[in-house]
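Everything in the sequence shown is counted per UniProt numbering, starting at 2 for the first residue and increasing by one. Where a beta carbon is used, it is the ideal one built from N, C-alpha and C, also for glycine. Fair warning: this is a prediction, and the values are worked out from it, not measured in the lab. Only one structure is covered here, and it is reproduced in the block below.
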Amino acid sequence: SNLLLLNGPNLGILGRRQPEIYGTATLRDIEEAMAARVAARGWKIVSVQRESEGELIHAIQDNYDSVGAVVNPGALMVAGWSLRDALANYPRPWIEVHLSNVWARESFRHESVISPLAAGIIAGLGPLGYELAADALMKTVTAP
Ligand code: DQA
């Protein structure tokens, strides 16, 4: 079974992106930690990072057979209406993750168009948030 890991704009450069906010772990580090975490369950990580909303939507549509998803939408959180529609049609549970605590930052980051659809939200725990989201899906998800 595949667990979909979806990262939006500007998250492919993690490690080199405002490390004072986002830390020094790379997306590869995050993928490897998640893969190790879900291996015991027999799950694999399918990781997709794209800069554009349309490509993220394609990734969702192409992965309806995944067991669940961990989604960091980046700034699409606040205005990604078509991403929201795509997630609304994703048939499995998914968890929203933000590395930073968006509610402790600029007010434009406080509104979300996608959070109401998420099974849960983790923010502010850095890369660990992705692993915790994977743990939560392993505990709650039954195979499709
Ligand atoms: C982010 C927070 C967003 O506000 C920002 O636009 C990002 C990263 C995070 O992981 O903390 O791109 O989603």
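*For the beta strand (DSSP E) that contains residue 99, what are its first and last residues?*
The residue you call residue 99 lines up with position 98 of the sequence shown. That run of the beta strand (DSSP E) goes 95–99.
*Answer with buried or exposed for residue 99, where buried requires no fewer than 16 other C-beta atoms within 10 angstroms of its C-beta.*
Sequence index remark: in the sequence shown, residue 99 carries index 98 (1-based). Its Cβ being crowded by 16 or more others within 10 Å, residue 99 is buried.
_Supposed close pair residue 56, residue 46 - CB separation, criterion 8 Å_ = In the sequence shown, residue 56 corresponds to position 55, counting from 1. In the sequence shown, residue 46 corresponds to position 45, counting from 1. 18 Å between Cβ atoms; not a contact.
*Assuming residue 4 and residue 138 make a contact with CB atoms under 8 Å, what is their CB distance in whole Å?*
If you number the sequence shown from 1, residue 4 lands on position 3. If you number the sequence shown from 1, residue 138 lands on position 137. About 7 Å separates the two Cβ atoms, so the contact holds.
*Check whether the Cβ of residue 41 lies closer than 7 Å to any heavy atom of the ligand DQA, and answer yes or no.*
The residue labelled residue 41 in the question sits at position 40 within the sequence shown. The answer is no for residue 41.
*Return yes when the C-beta of residue 62 is under 7 Å from any heavy atom of the ligand ADP, and no when it is not.*
What this structure holds is the ligand DQA, not the ligand ADP.
*Between the C-alpha atoms of residue 102 and residue 23, what's the straight-line distance to the nearest angstrom?*
Numbered from its first residue, the sequence shown carries residue 102 at position 101. Numbered from its first residue, the sequence shown carries residue 23 at position 22. Cα to Cα, residue 102 sits roughly 10 Å from residue 23.
*Output the distance between the C-alpha atoms of residue 65 and residue 2, rounded to the nearest integer angstrom.*
Within the sequence shown, residue 65 is the residue found at index 64, counting from 1. Within the sequence shown, residue 2 is the residue found at index 1, counting from 1. Using only the alpha carbons, I get a separation of about 12 Å.
*Going by beta carbon distance, what residues of the same chain come within less than 6 Å of residue 87, once the five residues before and after it are set aside?*
Along the sequence shown, read from residue 1 onward, the residue named residue 87 stands at position 86. Excluding positions up to five away in sequence, the list reads 58 and 61.
*Quick one: measure Cβ to Cβ for residue 9 and residue 73, integer angstroms, because I've assumed they're closer than 8 Å.*
Reading the sequence shown from its first residue, position 8 is the one you call residue 9. Reading the sequence shown from its first residue, position 72 is the one you call residue 73. That pair is a contact at about 6 Å.
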